[in-house]
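Asker:
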Amino acid sequence: MRSPVCISARQRGATLIEVLVAMLILSIGLLGLAGMQMTALKSNQSAYYRSQATVLAYDIIDRMRANRTEALNGVYDIALQNQACDPDIVPSGTLAKKDVAEWLNSLSCLLSGNAKGSVVRNDRVFTVSIEWDDNRGRIDEAADNDRETFVYRTQL
1 MRSPVCISAR QRGATLIEVL VAMLILSIGL LGLAGMQMTA LKSNQSAYYR SQATVLAYDI
61 IDRMRANRTE ALNGVYDIAL QNQACDPDIV PSGTLAKKDV AEWLNSLSCL LSGNAKGSVV
121 RNDRVFTVSI EWDDNRGRID EAADNDRETF VYRTQL
């Protein structure tokens, strides 16, 4: 028969190994949690940009509804273009020109510096396109095309 002292000597260090294995498993779990948090933040930023694009598309359409005659005459037609963000913008000209200048400025200020917008009229159907750089919102970092496009069509 073995003495209790010999069994105790053989078990020495087993608890330390169990603690180290538990620490390894815990650290792997925490790294996975940090990765999931990073992915959630990127997706949240992308969703924010998409929400802003939706609001901005409704904004220009509402401005055109308020100035319907000019909109139907093509004054609000805009080719895909970018405008630098100027928080203190004071546009001049007709109401339609002011609306377009303010809208393009809002695009670059709220989405990103290189956001582009266009309004295309086909009789009474208007198509608003908003394009922005969504590289923070991409989960796949290796993607070549980081441009997102939001398209909204409506009839006046």
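Counting from 1, one number per residue, gives the positions in the sequence shown under full-length UniProt numbering. Backbone N, C-alpha and C define an ideal beta-carbon position, used for all residues, glycine too. Bear in mind the structure is a predicted one, so any value in this text is a computation, not a measurement.
Is D156 near R68, with beta carbons less than 8 Å apart?
Answerer: For the sequence presented, residue 156 should be read as Leu rather than Asp. Contact check for L156 against R68 passes: the beta carbons are separated by less than 8 Å.
Asker: Bridge partners of S129, per DSSP?
Answerer: S118, V151
Asker: Look at the alpha carbon of A47 and the alpha carbon of V128, and state the distance between them as a whole number of angstroms.
Answerer: 19 Å
Asker: Quick check on the burial criterion: 16 or more other C-beta atoms within 10 angstroms. Buried or exposed for E148?
Answerer: With a 10 Å radius around the Cβ and a threshold of 16 neighbouring Cβ atoms, E148 comes out buried.
Asker: For the segment 25–39 and the segment 112–119, state whether three or more C-beta atom pairs, one from each stretch, are separated by less than 8 Å.
Answerer: no
Asker: Is the segment 72–81 close to the segment 15–29, with three or more CB pairs under 8 Å?
Answerer: no
Asker: Identify whether N82 lies in helix, strand or coil by the three-state DSSP scheme.
Answerer: Per DSSP, reduced to three states, the secondary structure at N82 is strand.
Asker: Reducing DSSP to helix, strand and coil, say where residue 178 ends up.
Answerer: The chain is shown only over 1 to 156; residue 178 falls outside these bounds and no answer can be derived.
Asker: Please report the straight-line C-alpha distance between L107 and G29, rounded to a whole angstrom.
Answerer: 40 Å
Asker: Go ahead and label D88 buried or exposed: buried means 16 or more other beta carbons lie within 10 angstroms of its beta carbon, across all protein chains shown.
Answerer: exposed
Asker: Can you give the beta carbon distance from L110 to Q52, rounded, assuming they're within the 8 Å contact cut?
Answerer: 5 Å
Asker: Around the C-beta of D86, are 16 or more other C-beta atoms found within 10 angstroms, so that it is buried, or is it exposed?
Answerer: exposed
Asker: Spatial neighbours of M23 within its chain, please: CB distance less than 8 Å, with the 5 preceding and 5 following residues excluded, ordered by chain position.
Answerer: There are no such residues.
Asker: Going by CA-CA distance only, name the one from V120, I25, P91 that's closest to T154.
Answerer: V120
Asker: Answer yes or no: do L95 and Q81 have a C-beta to C-beta separation smaller than 8 Å?
Answerer: no
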